[in-house]
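Protein chains in written order, with our numbering: chain A, 1 to 525; chain B, 526 to 861; chain C, 862 to 1195. Think of the CB as a built atom: it goes at the ideal place given N, C-alpha and C, for glycine as much as any other residue.
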């Protein structure tokens, strides 16, 4: 029992359900001034729902919130803002057509004679931007013209502009470049030292260990434990999150190196100034990773291969034949056999209101139809195979895919493409925002698919994933591949230094860093 | 150690940037100036004050309705009842805007109030009924038109002569209808745009979800947008009564103004998706559409063919806007 | 039994049930004033009138399902009627009579092609593009008739199409609507095209990234919309034995209303054809009842002289809003 002063924010007995699904049940939370408190848990564990309750976005079905010991209710986000709680959400709350300054001052702009004072608002925006290290962002720029990383900086600036007592960040760094993440961390530590209470949700363990003072773990809508950072090992935390024994994350790589002709051969691929003379080869059965800082062209490379970009220079050969990939139909066609798991599953991979069944068959619908008429028996068989392979819950097949959790939605996207029996599988950061349990399933699946002869090219922002899943990693910088890493070289130090385009490191990995596969294997034994 | 990635946009400071809306407005202005210039040049008697006055009055009618249409469109909605409100207020005015100056003034206030109320009703159903604006305004337009029919089963009525004359003439060759438009811009549009609720309208059209998360007063902003829309349509109704000295409840008029107002809004640079645009652009968009008809007369083309040319102007205008499609480098950008 | 329920669920949803329920309620209410409302003769007659609206609503529903809208309906109907009756002027005296109907429908499909190309390839907003096409179509028809009322007569086949009975007891327009409806239901529920239509209405981006050519689907739907509208024009011309000015103008708003009342979401992606059928019948019965019952006479003793049309318009609007408040409300933005 802490004999100190009353915690700044307390939530007790909070419950919220949507329809028949309980998002959170009898949940507790506390945070104090001058502390950074991390929330951990898989997707669907309830962290986002709890945050939404605290920020006034949704109303709880039960429970109380206490601010400085006084009970409060927030009927909408404005009420929470007025009470001193500011929240930076995962889905950005910025208005694309309005300027940075207009966004920062959207609810409480400085006013003159009852109308908005644009000059004073710009100055206010400049001050807020400077606070987060975004001085070089022009307040008059429309948000739509900024990169994702800059937008997130503006989002944070906007939250700070209201001078909150409590700052909540929900996966706020997921889109930031590594440099910007450092700036944000410095700022957060400073704000904490100035007395702000900060609540931080992230899936990135190393961020949490760097930043947070305390951690609370949630699972399945309930509290599991609260403890100071550093008192529990990463493995113990993950076990708390998934509730079962946690073994090594990555399935072992195949012993034999894939041989034979490459199935995908790219030469001097270029596009605008975002892709520069990229050349690569992938053999059937290889898993090749794309690494590097955000925004170096990795997404563009995948999109170029899949046919969505116009004006791509260079050549692409599939199975020895040159191909012109002018649109996704060409890429999907049996002669090429490509599949792309896109970056944004909700807007690019799925039609949320349609059923799981309809989404699953959508890319391969000509395989289950004749002359345009759908053969329901063939459809059942094909779906059954995929559902078994991906362990998708079969009772929800005829329900809307929008009601599934993030991890299950991603499985449906993958399942959709598996039905086209692709030879080359492109994945754009497939495990972003996905719970640990589903991540493991996806890794197993990728290993199995490559074992069956598929060539896999996959972009990830997670170093552990790249090290654990890939036969080799192409690190990109400025739209070009600056380094290829495999075997012993494939470790976190080299990934980071290559990402920053530094000359190849000669030093051994720092003590205590368990980034290499060999290191991991040694630990596990 | 700070590393700027290659994909970051360059630092921008103090560079004259034209927003998309401003560019759209400028294009509409340019088109109008060219068209009107040709029109004046082809006039056998040249651009006399009379000709300017007639053109100004005719265009102002549509311009006011186009301004009315702009507000709901900015929020990402639509108002298919603006033409019906125009007709309704026209018929009402032909009944009550007459008599001595006091009665006339009260009549004018009454008409404006009715327009405001019609718009407010639309807004209430859209906001609290949570129905799509296109359907709400389509249905309410029928209701308002029905009421107009009840007020004026047959065309007729009268209006205070001095009032009508004042609204429609020119002083020193400047048409009063243009002054009316300027007054509406200065006293209604600009304060609205700089108000919190006015900017909120843009926010809602840009992304209603983000606006909600940001705490933007969505309900009040939408209510105000629709209510002002009704008010602006009623101003046009008063002007119509002043021009025709009567009230008429014809479905063709209501439909014509409603549909043309949408065209004017688009030509003026406002996006039908919301979040971008200005009422000033809509004014010029309206004048562009009306000048098409005048150009036909001046070039001796059968005026009955007016719809053909107006339609082609619309198609060309929207296709030009779509030419940017040909310059797209990432096909994904074509889809929302 | 389970498969029957599943089939029913695939075709009928809550808005459809409510719409059909309202039809029944209306008929019963009307029967209080005029028992003939429940007679088979009256009901069949109403279905025949509804068929005209039903044919054009079929095409418009597909476009709305895509998330677009077709405002060129009024003058595409006009084109259908006028080109069919005026076919002899283009095809000569023999072909002009034999091919009048396909010619009229083909012209409507042509309008649909241009609409489709503009919306799918130029990515123009469908509201504006079809609005412009409507004006262009009007201009072309006015030019064709020289500004006067059309003088051409309907062909014998057109007349037969509207007043004849191929199947005893079933008027031909109703038969046409039934066949068209059956084909449409099959297309929407059992074909890849139908899945693609719903998917595009939900998330065109995801459809594109799934390797489906959304542009072709959009063009096809606009072609069908244009053809259906023209077909209605042909039927109208057959009914009146000639085409006439602005024959399609009274159809735009009731068509959209019927589709929406039937539960199709105006933003696309959701809706069942049976719902559109219900919406069409509902609007037809509503309009015809109002003209028979003349409710405004009840207000005369109160001193309110209202034209018949006033009541029709007000009731039309109020009914649409009332019904949508029951089942058309959007979820809260959260």
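query, result
"Residue 1150/C versus residue 820/B - alpha carbon distance", "46 Å"
"Inter-stretch contact at 8 Å, needing at least 3 Cβ pairs: the segment 965–978 of chain C / the segment 1070–1083 of chain C", "yes"
"Pick from 354/A, 50/A, 495/A, 144/A that is closest to residue 96/A, judged by C-alpha positions", "144/A"
"N- and C-terminal bounds of the alpha helix (DSSP H) containing residue 458/A", "From DSSP, residue 458/A is part of no alpha helix (DSSP H) but of the beta strand (DSSP E) over 455–459."
"Reduced DSSP category for residue 658/B - H, G, I as helix; E, B as strand; rest coil", "helix"
"Simplified DSSP assignment, three categories, for residue 284/A", "coil"
"contact_flag[the segment 656–667 of chain B, the segment 603–611 of chain B] where n(CB pairs < 8 Å) is 3 or more", "yes"
"Sufficient close CB pairs (3 or more, under 8 Å) joining the segment 56–64 of chain A to the segment 103–121 of chain A", "no"
"Simplified DSSP assignment, three categories, for residue 1034/C", "helix"
"Cross-chain neighbours of residue 874/C in chain B, by beta carbon under 8 Å", "Here the premise fails: no neighbours, minimum Cβ distance about 17 Å."
"Proximity test, Cβ basis, 9 Å: residue 363/A and chain C", "yes"
"Per-residue contacts from residue 1054/C into chain A (C-beta, under 9 Å)", "372"
"Beta carbon of residue 930/C nearer than 9 Å to that of residue 987/C", "yes"
"Three-way DSSP call (helix, strand, coil) for residue 448/A in this model", "helix"
"Sequence-distant residues of the same chain with beta carbon closer than 7 Å to residue 584/B, five excluded per side", "811, 812, 815"
"Residues bridged to residue 316/A [DSSP beta-bridge criterion]", "266/A, 323/A"
"Residues sharing a beta bridge with residue 16/A, DSSP", "24/A"
"Proximity winner among 161/A, 216/A, 499/A, relative to residue 88/A (alpha-carbon distances)", "161/A"
"Within 8 Å of chain C by C-beta, residues of the segment 338–359 of chain A in sequence order", "340, 342, 347, 348, 349, 350, 351, 352, 353, 354, 358"
"Test: residue 510/A CB closer than 9 Å to a CB of chain B", "Reliability of the predicted coordinates at residue 510/A is poor, the pLDDT of 41 falling under 50, and no value is obtained from them."
"N-terminal and C-terminal residue of the alpha helix (DSSP H) that residue 428/A is part of", "Where residue 428/A is concerned, there is no enclosing alpha helix (DSSP H), although the beta strand (DSSP E) it sits in stretches over 424–428."
"Endpoints, alpha helix (DSSP H) assigned at residue 876/C", "875–894"
"Length-filtered (3 minimum) beta strand (DSSP E) runs lying within the segment 630–692 of chain B", "none"
"Euclidean distance between Cα positions of residue 1077/C and residue 285/A", "36 Å"
"Nearest to residue 778/B (by Cα), restricted to the options 857/B, 694/B, 614/B", "614/B"
"CA nearest to the CA of residue 1116/C, picked from 1104/C, 1094/C, 1106/C, 1144/C", "1144/C"
"Whole-angstrom distance between residue 824/B and residue 587/B, CA atom to CA atom", "23 Å"
"Which listed residue (345/A, 475/A, 334/A, 199/A) has its alpha carbon closest to that of residue 364/A", "334/A"
"Sub-9 Å separation of residue 152/A and residue 185/A beta-carbons", "no"
"Residues near residue 176/A in its chain [Cβ-Cβ closer than 6 Å; skip 5 each side]", "149, 152"
"The segment 1113–1138 of chain C: positions lying closer than 9 Å to chain A by Cβ", "1130, 1131"
"Residue 3/A - DSSP class collapsed to helix/strand/coil", "Here residue 3/A scores only 42 on pLDDT, less than 50, and its place in the model is too uncertain to base an answer on."
"Coarse secondary structure for residue 1177/C, derived from DSSP in three states", "helix"
"Residue burial classification, residue 561/B (beta-carbon count within 10 angstroms, cutoff 16)", "buried"
"Where residue 992/C meets chain B, residues with beta-carbon distance less than 7 Å", "784, 787, 788, 839"
"Residue from 401/A, 478/A, 94/A whose Cα sits closest to the Cα of residue 158/A", "94/A"
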